[in-house]
Amino acid sequence: MLELTKNQIEKLFDVGNPITLNEVLNARERRVSQQESLVLDHRSQTILVVKSNIPGPIKNNQYLMKIGLWGQKLVSKTFNTSAVLINDDNCGYEAFYVIDIPALEVKEKMMLIEDSYPLGRLLDGDVFYFFENGVQTISRLDARQCFICNRDSKSCGSQRTHSVSQLQEKVKELCLLQLKEEK
Ligand SMILES: [Zn+2]
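Just so we're aligned: the sequence shown equals residues 1 to 183 in our numbering.
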């Protein structure tokens, strides 16, 4: 269940601090090191990292974190396990899981979540496991689609095809759609 009211969805991007490049780099470095140590500590299990992928300079606040929380609850239910680690700061919301089923199966189930719910489009699930002395990952076979124009989301992102306000409006729309589906 998404714990946001229509009124809060309207204010989704009205509060919070824009991220800085330094924050982004630090957050990435922290995430990679957290992923790696989880993989190395759980060599026979699968590590799943679920990030909420919020477009624009405001990545997190008391409303946006509810999208991350929504994803966290759904993923916990799907894999019948709680997150072992959560990052909830200015750069966004990330939840880490240690799961007892094979990596490919985790990836498939996570892709189903990403593709089946309106807010699933805002979740990025990365899968890691230990194999032959190193940390391995599984990529999606199909590219993620841009949630505005349905073309390859990577090219829209790098070419800044859509304005920040257009992307933020779409996020609000997806939240409203999610509320509607949960009724
Ligand atoms: Zn696009």
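Built from N, CA and C at the ideal position, the CB exists for glycine as well. Since the structure is predicted, the reported quantities are computational estimates derived from the model, not experimental observations.
Shortest gap from the CB of His162 to any heavy atom of ligand 1: under 7 Å. Leu12 places its beta carbon 8 Å or farther from that of Lys154.
Under the 10 Å beta carbon count, Glu182 is surrounded by fewer than 16 other beta carbons and is classified as exposed. Contact check for Gly68 against Asp100 fails: the beta carbons are separated by 8 Å or more. Proximity to Gln178 across Gly92, Arg121, Ile138 and Cys156 peaks at Arg121, based on C-alpha coordinates.
The beta carbon of Leu2 sits closer than 8 Å to those of Lys66, Ile67, Trp70, Leu119, Cys175, Gln178, Leu179 and Glu182, all from its chain and outside the five residues before and after it, given in chain order. Pro102 is classed as exposed because its beta carbon has fewer than 16 other beta carbons within 10 Å across all chains shown. Going by DSSP, Lys154 is part of the alpha helix (DSSP H) stretching over Ser153 to Gln159. Around the beta-carbon of Leu4, 16 or more other beta-carbon atoms lie within 10 Å, marking it buried. Minimum Cα-Cα distance from Val49 among the listed residues Cys146, Val127 and Ser139 corresponds to Val127.
Per DSSP, the continuous beta strand (DSSP E) segment holding Lys51 begins and ends at Thr46 to Ser52.
A distance criterion of 7 Å places the beta-carbon of Arg151 in contact range of ligand 1, judged by its closest non-hydrogen atom.
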